[in-house]
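To start, the structure itself, in C-alpha cells.
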Amino acid sequence: MNDDVRVLMMNSLRGAPRVDAALWQPGRAMRRSVVALALVSLVACEKRGTTVPPTTASPETSAEVLGSLDRQTDPCNDFYRFACGGWIDATPLPADQPRYGRFHVLRDRNAEAMRAILERAASKPGDKAGAFWTACMDEAAIEQAGTQPLAPLLAAIDRVDDPTSLMTAIGTLHRAGVPVLFDVGIDADYKQPNVNLAFLGQAGLGLPDREFYRSTDARMLQLREGYVAHVATMLELGGVAEPAARAADIVTFETALAEISVPREALREPEARYARVERAALEREAPLPWAAYFAAVGRDDLVAVSLAPPTYFAALPGLVGRTSMPTLQAYLRWHVLHSFADHLPSSFVDASFAFYGKSVRGQQQLEPRWKRCVDTTDHAMGELVGRDFVAERFSPRSREVALEMIREIEDAFEAGLPKLAWMDAATRKAAVGKMEAIVNKIGYPSKWRSYDALAVTPAHAGNVVAAASFEFDRRLREADRPVDRERWEMTPSTVNAYYNATGNEMVFPAGILQPPFFHHEWPAAMNFGGIGMVMGHELTHGFDDQGRKFDGAGTLRQWWAPEAGERFEERAACVEQLYSGYEVQPGVHLSGKLTLGENIADFGGIKDAHRAYLQWASEHGVDPHSEAMDGLTHEQLFFVSFGQIWCSKSTPETDQVMALTDPHSHPRYRVNGPLANLPEFSQAFACEPGEPMRPQNTCEVW
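Yeah, the sequence shown ends on 703 if you go by our numbering, and it's all consecutive.
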C-alpha cells in the first residue's frame, strides 16, 4: 500500500487491503461510522454508557497483568521494564521468531483459529480456500514440481533481448507480484481523492534498504558478502550458468539501483510521493518503452500515473541503458526465484532462510509450515477465510464496545484542541471538521470480495502466482476509476490497524480487537490503555506530519494557517530530535525522521486515550485513584495496560534492521518516549522532577 496508509505496526524485513450508520452525539456534528456487523439499535442510541464494562478484572486476567510486571523496577526510572519485565524474563524468544511480543502472541492465536478453519475447509470438495491450503501443505507435490510453476515467468525473461522485450518481461513479472526495477500500486489521486491513480515507485532491491548497499559498517560489509553468495546459490538452484559471475553482476547492478533510490526518510513527504504525469508525457519524463509495459499488464489505456519519486525515474533509463541484457536477465531471474523461494522445493526455502532469516534477522529456525501456509492463504484470499474467522472470533458485543470507545476517543481529541495555544481558531475549526468526517471501519468489510475468478490447482507455487496476478489485475483495473470506499487494505484476522489519509478513514480489523488489546468484559482502564491507545494512535495519524497535509476530503492541500504550520513543525522537530537520541543497540540509533509520524501518533494516542478514560470514569462514577488490582490504581492500570501491549523481545540483528527500515520505533521507546513526555503519567506514579520518566525538557505536539 502507499505511504499515506499509516499502520500501527509493521513486521516485514525482506527487501523485496458499507453499511453507514450516522451516529449522533450530544453537542457535536453527525459523523459517519462504518461498522462490520448487522446494525442493531445503536443508530437510535444517543446516550453514553450503553456498553459499560466492569471495573474489576477476572482472576485470570489479573494474574496475567500482574505476572508481566517487574516490581523491582521503579516505574519512574524505566516504565517499560516495570510493565513488561516479568513477561520478558519469563518468555524466551522463540527460535522461529526474530522478534516476539504481544502482537505476535495474538497473531499466533489468530493463526491457530485460521488453521482450524482451513483444515475444515480442506475437507469440503470444491472449497477454494481449502484447496489452496491443501496445495500449500503438500510438500511432496511441491518438491516434485520444482520450478515448473514459474515457467511462464522464466520464459518471458528468456525472451529479453532489447528494451522493449525487457519492459514486457517486467510487466509480466509485476503481474505475478515480483517488484523488479520499480513497482506499481493503486491509490486515490492525492489531488482528486475520489479517483484512483496508478503510482509507480522505486523498488527492485534484494536487500532490505538502500543503506545495506552503501554502509561501511562491519556488519553491513559482511551481509553484502553473504548476499552475493546467497544470490549465487539461488541462481545455481535455478539452473543458471556461471552463477557466481552472474551474482556479482546482479549485486553491482542493485548497488547502482540503490544509488539512484531516494532515502526512506525523504519518501515520507507526501509531496515527494506525488508527481502526476499524463500517460502521453511519460516517455519524456522517463524514456523507456512504456507502451510495452502497459500492454503487458493489460492497461494500455491508462490516463496518467504518479512517479514516486521523479528523480528515480529520470535516472532509471540511463542505468538500464548502461547495463547489459544478460545482466538484466540474470537480475530478473534472481528476483523471480527470490520472490517465490518460500513456495518452491526445500532447497530454495532453506537457502532463502539461511540468508534472510539467520544472517539478516538472527532467526534460528524456520516457522512451521502450517503457519507459513496460513499467512500465504490469508494473503491470497483473506476475505474469503476471514468470514469464518469473524463469525468465530468477533462478537456483536465486541463491536458495540469498540464503536463506543472510538467515539470516546474522538471526543477526547476534540476536547484537547482548545488547549493548544499554538493553533489559531480557523485551523482548529478545520481540524475539528476533518476529525468529524473520519470514517470508522470496525471488524470486517461490509462488502466481501469475490474470488470467483481466481483458479486454484494442486500446484502451490502456481497458485501463489495466480493469486498475485488476480490481485494485481483487480487493483490495476481500478486506475482512473472512482475509489471504492468500502475496500479494506487489511484482512479481518490481521493484528494491526491503519489510518488512510486519502480516504480519511480508520480501520480496525477483528484480528486486533482481541486480548491483550481489548475484551468487551475487561475493565475500562485496560481497554482504554490497550485498544483505546491504538484508536488514538490512528486518529492522530490524520494530524501527524504527513496526515495533516490532507484535508477532511482526503485532498493534499494547504489548509493550515502558515503560522500554525510553522509551530507544528517546531514541535515535531522536538520529537524528531528526541527519538534520534534513542539507542536500540550499542551504536544503533533510531531515526527520528523515519519514525516521526509514528512517534507523533504514539504521543497523541496515549494522551487522547487517557483523557477519554478519565472522562469515562467521571461519567460512570469510578475514582481513577482508587485501587483496581493489587496496589495499582485504575489510572495506573491504564498505563500498565498500554505498556504491556508493547512487551517484546528481539534479536540484535532484527533491532538493527528495524532501526534502518521500520517507521515504527523500538517497543521500549514506544512506551517510555510518550510517557516521559506526558505530565499525567508522572502524576499517576508520583515521579519526581529529574527522574528518567519525568525529564526537565519535554515535547508535546497534540
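For each residue, glycine too, the CB sits at the ideal point set by N, CA and C. From a predicted model like this one, the values you see are computed outputs, not experimental measurements.
Need the endpoints of the alpha helix (DSSP H) that glutamate 140 sits in, please.
140-146 is the span of the alpha helix (DSSP H), which, as asked, contains glutamate 140.
Entirely enclosed beta strand (DSSP E) segments - the segment 537-577, minimum 3 residues
Listed in chain order, nothing qualifies, since the segment 537-577 has no complete beta strand (DSSP E) run of 3 or more residues.
Got a sec, what are the start and stop residues for the alpha helix (DSSP H) glutamate 506 sits in?
It is not in any alpha helix (DSSP H) - glutamate 506 instead sits in the beta strand (DSSP E) that spans 506-510.
If you measure from the CB of leucine 591, is any heavy atom of the ligand GDP nearer than 7 angstroms?
The ligand GDP is not among the ligands present in this structure, which contains no ligands whatsoever.
Which ranges would you report for the alpha helix (DSSP H) in the segment 241-282 if only whole runs of at least 4 residues count?
Entirely contained in the segment 241-282, the alpha helix (DSSP H) runs reaching 4 residues are, in chain order, 244-261, 265-268, 271-274.
DSSP three-state call for asparagine 501: helix, strand or coil?
Residue state, collapsed to three classes: strand.
Which residue marks the beginning of the beta strand (DSSP E) containing leucine 198, and which one marks its end?
Where leucine 198 is concerned, the enclosing beta strand (DSSP E) stretches over 197-203.
For the structure I just gave you, are there three or more beta carbon pairs, one from the segment 329-343 and one from the segment 144-163, closer than 8 angstroms?
Taking a cut-off of 8 angstroms on C-beta distances, the segment 329-343 touches the segment 144-163, as three or more cross pairs fall below it.
Using the Cβ count rule (16 or more neighbours within 10 Å means buried), how would you classify tryptophan 88?
Buried, since its Cβ has 16 or more Cβ neighbours within 10 Å.
Please report the Cβ distance between histidine 665 and threonine 556, rounded to the nearest whole angstrom; I am assuming they are in contact, meaning their Cβ atoms lie under 8 angstroms.
Wrong, their Cβ atoms sit about 27 angstroms apart, outside the cutoff.
How long is the line joining the alpha carbons of tyrosine 214 and alanine 469, rounded to whole angstroms?
Computed Cα separation, rounded: 28 angstroms.
Using only the alpha-carbon positions, how far apart do lysine 608 and phenylalanine 471 sit?
Roughly 42 angstroms separates the two Cα atoms.
Going by other Cβ atoms of all chains shown within 10 Å of its Cβ, with 16 needed for buried, is aspartate 412 buried or exposed?
Buried, by the Cβ-count rule.
Considering Cα atoms alone, identify which of Pro446, Ala91, Ser69, Ser581 is closest to alanine 511.
Per the Cα distances, Pro446.
Between which two residues does the beta strand (DSSP E) holding glutamate 701 run?
First-last for glutamate 701: undefined, no H or E at that position.
Reference valine 702; option with closest CA among Trp423, Arg103, Leu308:
Trp423 is the residue among Trp423, Arg103, Leu308 whose C-alpha sits nearest the C-alpha of valine 702.
Pull up the distance between the alpha-carbon of leucine 94 and that of histidine 667, whole angstroms please.
Between leucine 94 and histidine 667, the C-alpha separation is close to 16 angstroms.
Return the CA-CA distance between arginine 388 and glutamate 120, expressed in angstroms with no decimal places.
The alpha-carbon atoms of arginine 388 and glutamate 120 are separated by roughly 15 angstroms.
Proline 524 and isoleucine 646: beta carbons closer than 8 angstroms?
Not in contact: proline 524 and isoleucine 646 (Cβ atoms no closer than 8 angstroms).
Let me check one thing: in DSSP terms, what residues is leucine 308 bridge-paired to?
Leu201, per the DSSP bridge assignment.
Which residue comes first and which comes last in the beta strand (DSSP E) that contains arginine 100?
Run containing arginine 100: 100-102, per the beta strand (DSSP E) assignment.
Where does the unbroken beta strand (DSSP E) through methionine 630 begin, and where does it stop?
Taken as a continuous stretch (DSSP letters only), the beta strand (DSSP E) holding methionine 630 covers 628-630.
Could you have a look at valine 361 and say whether DSSP puts it in helix, strand or coil?
Under the three-state reduction of DSSP output, valine 361 falls in the helix class.
Host alpha helix (DSSP H) of asparagine 673 (start-end):
Segment 668-677, the alpha helix (DSSP H) holding asparagine 673.
Are arginine 211 and alanine 480 closer than 8 angstroms when you measure CB to CB?
The beta carbons of arginine 211 and alanine 480 sit no closer together than 8 angstroms.
Nearest to glycine 227 (by Cα), restricted to the options Gly358, Met138, Asp71, Val161
Nearest Cα to glycine 227 within the set Gly358, Met138, Asp71, Val161: Gly358.
Are the beta-carbon atoms belonging to methionine 507 and phenylalanine 80 less than 8 angstroms from one another?
Between methionine 507 and phenylalanine 80, the gap from beta carbon to beta carbon reaches 8 angstroms or more.
Three-way DSSP call (helix, strand, coil) for lysine 448 in this model
If DSSP states are grouped into helix, strand and coil, lysine 448 belongs with coil.
Is DSSP giving leucine 633 helix, strand or coil here?
Strand, per DSSP.
Glutamate 692 (DSSP reduced to helix, strand or coil):
Here glutamate 692 sits in coil by DSSP.
Could you check which residue in His590, Val672, Ala305 has the C-alpha nearest to that of glycine 606?
Looking from the CA of glycine 606, the closest CA among His590, Val672, Ala305 belongs to Val672.
How would you label glutamate 401, buried or exposed, when you count the other beta carbons within 10 angstroms and need 16 or more for buried?
With 16 or more other Cβ atoms inside 10 Å of its own Cβ, glutamate 401 counts as buried.
Closest by C-alpha distance to glycine 444, when choosing among Arg408, Asp376, Tyr614, Ile513
Nearest of Arg408, Asp376, Tyr614, Ile513 to glycine 444, Cα basis: Ile513.
Output yes or no for whether 8 angstroms exceeds the beta carbon distance between leucine 236 and arginine 247.
It is a contact, given that the beta carbons lie within the stated cut-off.
What number of angstroms, rounded off, separates the C-alpha of leucine 455 from the C-alpha of alanine 381?
So the alpha carbons of these two residues sit roughly 10 angstroms apart.
Does DSSP put alanine 189 in a helix, in a strand, or in coil?
Looking at alanine 189 - three-state DSSP - the assignment turns out to be strand.
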